Amino acid sequence: MNILGYLYVGLALVMLVPAIVDVAARNPDWQAFVMSSLIVGMFGILLVAALGGSLSDPLDIRQVFLLTTLAWITIPAFGALPFLGLGIGYVDAAFETISGFTTTGSTVLTGLDSLPPGLLLWRSLSHWFGGVGIIVMAIVLMPLLRIGGMQLFRAESSDRSEKVVSRASDLVRWIGAVYVALTIICAVLYTISGMSAFDAVNHAMSTLSSGGFSTHDDSFAHFDSNFTLAVCIVFMLASGLPFVLMIKSIRQRSMALFHDPQVRVFLGVIAFFSVCICLYLGIKNDVPFIDALVSAFFVVTSIITTTGFGLGDYTAWGPPMVGLILTFTFFGACTGSTSGGIKMLRFIVFFGTVRAYMKKLIRPDRVVVVRYGDTKITPDLSFSVLAFLVVYLATVGVITVILSAMGLDLVTSFSAAATAVSNVGPGLGDVVGPVGNFAPLPDNAKIVLSVAMLLGRLELFTVLVLFDPEFWR
38 MNILGYLYVG
48 LALVMLVPAI
58 VDVAARNPDW
68 QAFVMSSLIV
78 GMFGILLVAA
88 LGGSLSDPLD
98 IRQVFLLTTL
108 AWITIPAFGA
118 LPFLGLGIGY
128 VDAAFETISG
138 FTTTGSTVLT
148 GLDSLPPGLL
158 LWRSLSHWFG
168 GVGIIVMAIV
178 LMPLLRIGGM
188 QLFRAESSDR
198 SEKVVSRASD
208 LVRWIGAVYV
218 ALTIICAVLY
228 TISGMSAFDA
238 VNHAMSTLSS
248 GGFSTHDDSF
258 AHFDSNFTLA
268 VCIVFMLASG
278 LPFVLMIKSI
288 RQRSMALFHD
298 PQVRVFLGVI
308 AFFSVCICLY
318 LGIKNDVPFI
328 DALVSAFFVV
338 TSIITTTGFG
348 LGDYTAWGPP
358 MVGLILTFTF
368 FGACTGSTSG
378 GIKMLRFIVF
388 FGTVRAYMKK
398 LIRPDRVVVV
408 RYGDTKITPD
418 LSFSVLAFLV
428 VYLATVGVIT
438 VILSAMGLDL
448 VTSFSAAATA
458 VSNVGPGLGD
468 VVGPVGNFAP
478 LPDNAKIVLS
488 VAMLLGRLEL
498 FTVLVLFDPE
508 FWR
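Laid out in structure tokens, this is it:
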């Protein structure tokens, strides 16, 4: 558990980056970052000293579950400290950082254009480090824990990753290198499109992490440029792709990435629904074709990849589009990406299992084999996916009921629950919609949604298993 101490020390060092930015901008907010860094750093050093041990010490599966959950709870808890310098309460500060590190992108802050640059950068950094943590967790940790069909991703990716890199540490380094390279390229293209260097860096970190935080209240509507939106679309798509296959394609100069079933489904779903919405906007709302095409692709990609960037009030597109976009909230992109949501791999396994069951109903004596690409889907794997889907939807339902009991209307309650568990960002309605803000919600609702964001990011069972008495025996 000394790993937590090292993580806290790392967090303390990262806090100094926005402090330096504030010093350069002659903004007194740097003091909040320095004080927070000292507190977190000292706590981390004391924890390492008290527990001793080495980073290479082996962990059993119970320790992995506990360590993962504690890290994702305590790092945002400490990361909230700099926001207290704004004079907001700790609940709001914690909501903002949990939203940041889980790459949800929901916010309680307004007047972003006038906030200190250090705080804006801290929000983006929380996204960026949360995003790379999510990739590593999805590729290295979740398959080991066999949560919601992730053992299939392990079977699909382990052979590939072993051929690409020889050790897990090398794989993590390659993930980091690709992640950094994509972020830099994205920032450069944003700058070319007309963004300031500060905006470009912040939005690049938010884009590659599937986060959604912006430096402006009106998000990407602020830039009024189809080229900027096109750049964002491309890199949101990149953030939704499996990084192991991306690394393989880069190193072996192959098209392996596009041979993966979930990648094909992911890109196909986005293309299909984007074209449908484009035609709807052009015919029904009389929007010019290019604007309709770019807007449709931007919103569909933003929601399905769970990035959650805003582009005005898409709820004004009409009830059919609102229902469709709400459905997208559950989709998610590919397993092994920075995306939240249910994810395409699970949908493929689910529909394959349903189709196999229907064939058995027609011909009970028939032997039906469910496959994901060339991999056979075992009954155990199908069961784990179905269990995940049931718990996922049940979690959204329970949170919806809790929020409704707090006095929120049904649209706000359901969309807020869905967007929190799926780590998307914006919901529906006047309060939490694409042009709204989570600040008006009562503190109790923010606490519930903070828990929901963590549950969604940790794939539910990572946390829920800790409440099983058998876990502690």
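Position 279 (the sequence shown) corresponds to 316 in this note's numbering; numbering is contiguous.
Just so it is clear, CB atoms sit at the ideal spot from N, CA and C, and this is done for glycine as well.
Given the structure is predicted, the values throughout are model-derived calculations rather than measurements.
In the DSSP output, what is Thr412 paired with across the bridge?
Here residue 412 is taken as the residue at index 375 of the sequence shown, counted from 1. In DSSP, Thr412 forms a bridge with Tyr409.
Assuming contact is defined by CB atoms lying nearer than 7 Å, are Leu245 and Thr228 in contact in what I supplied?
Locating residue 245 in the sequence shown gives position 208, counting from the first residue. Locating residue 228 in the sequence shown gives position 191, counting from the first residue. Not closer than 7 Å, so no.
State the Cα-Cα distance for the pair Ile40 and Phe115, rounded to the nearest angstrom.
Stepping through the sequence shown from its first residue, residue 40 is reached at position 3. Stepping through the sequence shown from its first residue, residue 115 is reached at position 78. If you take the alpha carbons of Ile40 and Phe115, they lie about 16 Å apart.
Taking its Cβ as the centre, do 16 or more other Cβ atoms sit within 10 Å of Tyr409, making it buried, or is it exposed?
In the sequence shown, the residue the question calls residue 409 occupies position 372. Tyr409 is buried by the Cβ-count criterion.
Compare the beta carbon distance of Val14 and Val422 with 7 Å and say whether it is the shorter of the two.
Because the chain in this structure spans residues 38 to 510, residue 14 falls outside the shown range and cannot be described.
My output table needs one value for Gly248: the three-state DSSP class, helix, strand or coil.
Taking the first residue of the sequence shown as position 1, residue 248 is located at position 211. Looking at Gly248 - three-state DSSP - the assignment turns out to be coil, as it is neither helix nor strand.
Kindly indicate which three-state DSSP category Glu133 falls into: helix, strand or coil?
Counting from 1 along the sequence shown, the entry for residue 133 is found at position 96. Helix, per DSSP.
Could you say which of Phe120, Gly277, Pro325 lies nearest to Asn522 if we only look at CA atoms?
Residue 522 is absent from the model: the chain starts at 38 and stops at 510.
Between the Cα of Thr147 and those of His253, Asn64, Ile98, Met381, spot the shortest distance and give me the residue it belongs to.
As a first step, residue 147 must be located in the sequence shown, where it is residue number 110. Across the set His253, Asn64, Ile98, Met381, the C-alpha of His253 shows the shortest separation from the C-alpha of Thr147.
Short of 6 Å in beta carbon distance, which residues of its chain neighbour Val468, apart from the five on each side in sequence? Order them along the chain.
Position 431 of the sequence shown, counted from the first residue, corresponds to residue 468. Setting aside the 5 residues that flank it on each side, Val468 is surrounded in the same chain by Thr449, Pro477, each with a C-beta closer than 6 Å to its C-beta; the list follows chain order.
Please report how far the alpha carbon of Gly47 lies from the alpha carbon of Gly389, in whole angstroms.
Residue numbering aside, residue 47 sits at position 10 when the sequence shown is read from its first letter. Residue numbering aside, residue 389 sits at position 352 when the sequence shown is read from its first letter. When rounded, the distance between both Cα atoms is 43 Å.
What did DSSP end up calling Lys380 once you bin it into helix, strand or coil?
Mapped onto the sequence shown, residue 380 falls at position 343. Secondary structure at Lys380: coil, using DSSP grouped into helix, strand and coil.
What residue range is occupied by the uninterrupted alpha helix (DSSP H) comprising Leu107?
Stepping through the sequence shown from its first residue, residue 107 is reached at position 70. Leu107 -> alpha helix (DSSP H) spans 98-116.
For Gly319 and Leu348, what's the separation of their Cα atoms in angstroms?
As a first step, residue 319 must be located in the sequence shown, where it is residue number 282. As a first step, residue 348 must be located in the sequence shown, where it is residue number 311. Taking the straight line from one Cα to the other gives about 17 Å.
Once DSSP output is grouped into helix, strand and coil, what is the label at Asn322?
In the sequence shown, residue 322 corresponds to position 285, counting from 1. If DSSP states are grouped into helix, strand and coil, Asn322 belongs with coil.
Count the other C-beta atoms from every protein chain shown that fall within 10 angstroms of the C-beta of Ser161, then say buried if there are 16 or more, exposed otherwise.
For this step, residue 161 is matched to residue 124 along the sequence shown. With 16 or more other Cβ atoms inside 10 Å of its own Cβ, Ser161 counts as buried.
Please state whether DSSP places Glu496 in a helix, a strand or coil.
Numbered from 1 along the sequence shown, position 459 holds the residue referred to as residue 496. Three-state result, Glu496: coil.
Taking Cβ positions, are Ser256 and Phe132 nearer each other than 7 Å?
As a first step, residue 256 must be located in the sequence shown, where it is residue number 219. As a first step, residue 132 must be located in the sequence shown, where it is residue number 95. For Ser256 and Phe132, no; Cβs fall outside 7 Å.
Taking C-alpha atoms, which residue in Leu304, Met358, Thr432 lies nearest to Ala370?
Taking the first residue of the sequence shown as 1, we reach residue 370 at position 333. The shortest C-alpha separation from Ala370 is found at Leu304.
Do you know offhand how far Pro416's Cα is from Pro279's?
Here residue 416 refers to the residue found at position 379 when the sequence shown is read from its first residue. Here residue 279 refers to the residue found at position 242 when the sequence shown is read from its first residue. Near 24 Å, if we compare the C-alpha coordinates of Pro279 and Pro416.
With C-beta atoms as the reference, is Thr366 less than 7 Å away from Ser459?
Reading the sequence shown from its first residue, position 329 is the one you call residue 366. Reading the sequence shown from its first residue, position 422 is the one you call residue 459. In contact: Thr366 and Ser459 (Cβ atoms closer than 7 Å).
Report the option in Met79, Ile314, Asp350 whose CA atom is closest to the CA atom of Leu361.
Against the sequence shown, residue 361 aligns to sequence position 324. Closest option to Leu361, Cα to Cα, is Ile314.
Say whether the region 231-241 touches the region 432-451, bearing in mind that this needs 3 or more beta-carbon pairs closer than 8 Å, one atom from each stretch.
no
Let me check understanding here. Comparing Cα to Cα, which of Leu495, Trp211, Asp446, Ser73 lies closest to Ser376?
Residue numbering aside, residue 376 sits at position 339 when the sequence shown is read from its first letter. In this structure, Leu495 is the residue among Leu495, Trp211, Asp446, Ser73 with its C-alpha nearest to the C-alpha of Ser376.
Do Thr265 and Gly462 count as a contact pair if the criterion is CB distance below 7 Å?
As a first step, residue 462 is located in the sequence shown; it is residue number 425 there, counting from the start. As a first step, residue 265 is located in the sequence shown; it is residue number 228 there, counting from the start. Taking 7 Å as the Cβ cut-off, Gly462 and Thr265 do not qualify as a contacting pair.
Using the three-state DSSP reduction, which class does Ala218 fall into: helix, strand or coil?
Against the sequence shown, residue 218 aligns to sequence position 181. Three-state DSSP puts Ala218 in a helix.
Please classify Ile125: does DSSP put it in a helix, a strand, or coil?
Walking along the sequence shown from the start, residue 125 turns up at place 88. In the three-state scheme derived from DSSP, where H, G and I count as helix and E and B as strand, Ile125 is classed as coil.
Does the distance from the CB of Leu294 to the CB of Met283 come in under 7 Å?
In the sequence shown, counting from the first residue as 1, residue 294 sits at position 257. In the sequence shown, counting from the first residue as 1, residue 283 sits at position 246. Yes, these two residues count as a Cβ contact at 7 Å.
At which residues does the alpha helix (DSSP H) containing Gly360 begin and terminate?
Mapped onto the sequence shown, residue 360 falls at position 323. Gly360 -> alpha helix (DSSP H) spans 356-365.
Are at least three pairs of beta-carbons, each pair with one atom in the region 428-448 and one in the region 395-412, less than 8 Å apart?
no
What distance in whole Å lies between the Cβ atoms of Leu118 and Ile76, which are believed to be in contact at a cut-off of 8 Å?
Here the question's residue 76 lines up with position 39 in the sequence shown. Here the question's residue 118 lines up with position 81 in the sequence shown. Under the criterion of beta carbons closer than 8 Å, Ile76 and Leu118 qualify as touching, at roughly 7 Å.
Shortest alpha-carbon distance to Leu156 belongs to which of Asp59, Tyr216, Ile212, Ala87?
For the purposes of this step, residue 156 is identified with residue 119 of the sequence shown, where counting begins at 1. Closest by alpha carbon: Asp59.
Roughly how many angstroms lie between the CA atoms of Ser291 and Ile222, to the nearest whole one?
Within the sequence shown, residue 291 is the residue found at index 254, counting from 1. Within the sequence shown, residue 222 is the residue found at index 185, counting from 1. About 21 Å.
According to DSSP, is Thr342 helix, strand or coil?
Start at 1 with the first residue of the sequence shown, and residue 342 comes out as number 305. In the structure shown, Thr342 sits in coil (DSSP, three-state: anything other than H, G, I, E or B).
Are Gly168 and Phe138 close, meaning C-beta to C-beta below 7 Å?
The residue you call residue 168 lines up with position 131 of the sequence shown. The residue you call residue 138 lines up with position 101 of the sequence shown. No, they are not a contact pair.
Quick check: the Cα distance between Ser74 and Trp159, rounded to an integer number of angstroms?
Here the question's residue 74 lines up with position 37 in the sequence shown. Here the question's residue 159 lines up with position 122 in the sequence shown. So the alpha carbons of these two residues sit roughly 12 Å apart.
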